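Here's the structure we're looking at; comments come further down.
Residue numbers (the working numbering): 44 to 315.
This is the structure in structure tokens:
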């Protein structure tokens, strides 16, 4: 049934464009304007795609952007769907799977995250080297879609080591002090308590957020290469004494968006 839904979504997009991307990019909170600066071929609004879940989060534009970064054809999600919005996890990762079905072989996942690692500061970029997703349902629960992946996929290298090397190289070229670490996905939409953050630190987490890990698992299930970059927009609860709010997340993301754009462009160009 879910595979049929994916095929309907793909058919709906193909009625509007036959653009075939090589790379898919999901833009996190406050990072959506990257897509406005590429050579755009066309847009497809999520609301125009039959059966597609629509993001309800302020600051997420809710559309696919098809175009080129340099000479590389890309599809960009301006706004993702989150589990906390009330969607089934299979709907949350539907856009990721759809990008793979469009032709993308590599997926770049970005997000705004809270810093658990006390050596981090708001405005830092953290390359995701691994994740912990046991606090949210696996997107692979339910009947397996044999058409796109195996029942029991290996997750020993969710985030491609080859792509990690490219991100490191790209950050060096851009003069960015790239952090690295483990990302933990919790459900949201509430921010975590200080006790929950202490738990995340004990588990080995360096940053925490409400997305990304489930998308990465769905992408790996399909055999796509994945890389992930978190923008540390705030220090997590209990790390600093400041209360957390979404406006601060967006303000920090906006402040570093220039560096972020440079980094993502360099990563895509170095992936060629």
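Note that beta-carbon positions come from the ideal geometry of N, C-alpha and C, so glycine has one too. Just so we're clear, the structure is a prediction, and the values are computed from it rather than from any experiment.
* Go through its chain and collect everything with a Cβ distance to residue 70's Cβ below 7 Å, but skip five positions before and after it. => 77, 78, 119, 120, 121, 153
(message) Would you call the segment 299-310 in contact with the segment 242-261, where contact means no fewer than 3 C-beta pairs closer than 8 Å?
(response) no
- Take the Cβ of residue 197 as the centre, count every other Cβ of all protein chains shown within 10 Å, and call the residue buried at 16 or more, exposed below. exposed
Tell me, please, whether the segment 260-274 touches the segment 166-174 by the rule of three or more beta-carbon pairs shorter than 8 Å. yes
Original post:
Is there contact here, the segment 230-245 with the segment 182-199, by at least three beta-carbon pairs under 8 Å?
Top reply: No, the segment 230-245 is not in contact with the segment 182-199.
Q. Distance, Cα to Cα, residue 293 vs residue 300?
A. 10 Å
Cβ atoms of residue 227 and residue 217: under 8 Å apart, would you say? no
- Query: What are the complete beta strand (DSSP E) segments, minimum 3 residues, inside the segment 189-243?
  - Reply: 222-228
**Prompt:** How should residue 108 be labelled, buried or exposed, when 16 other C-beta atoms within 10 angstroms of its C-beta is the threshold for buried?
**Reply:** buried
Discussion item. By the DSSP assignment, the beta strand (DSSP E) with residue 118 in it spans what residues?
Written reply: 115-121
>> For a quick check, are the C-beta atoms of residue 138 and residue 65 less than 8 Å apart?
In response: In this structure, residue 138 keeps its C-beta atom at 8 Å or more from the C-beta atom of residue 65.
- Task: Would you mind working out which of 264, 257, 49, 289 sits nearest residue 177, comparing C-alpha positions?
- Result: Measuring C-alpha to C-alpha distances from residue 177 to each of 264, 257, 49, 289 identifies 257 as the nearest.
inquiry  = With the cut-off set at 8 Å, would you say residue 82 and residue 46 are in Cβ contact?
reply    = no
query: For residue 180, which of 144, 189, 135 has the nearest alpha-carbon?
result: 135
- Query: Can you tell me where the beta strand (DSSP E) with residue 74 in it begins and where it stops?
  - Reply: From DSSP, residue 74 is part of no beta strand (DSSP E); its letter is neither H nor E.
### Message
Let me confirm a value: residue 62 is counted as buried when at least 16 other C-beta atoms fall within 10 Å, else exposed. Which label applies?
### Response
Buried: at least 16 other Cβ atoms inside 10 Å.
Under 8 Å between C-beta atoms of residue 150 and residue 80
no
Between the CA atoms of residue 283 and residue 240 - distance to the nearest angstrom: Those two C-alpha atoms are separated by around 11 Å.
Q.
Out of 247, 93, 72, 172, which one is the CA nearest neighbour of residue 51?
A. 93
Leaving out the 5 sequence neighbours to the left and right, which residues in its chain are closer than 8 Å to residue 193 when beta-carbon positions are compared? 187, 264
**Prompt:** Candidates 267, 248, 277: which alpha carbon is nearest residue 171's?
**Reply:** 248
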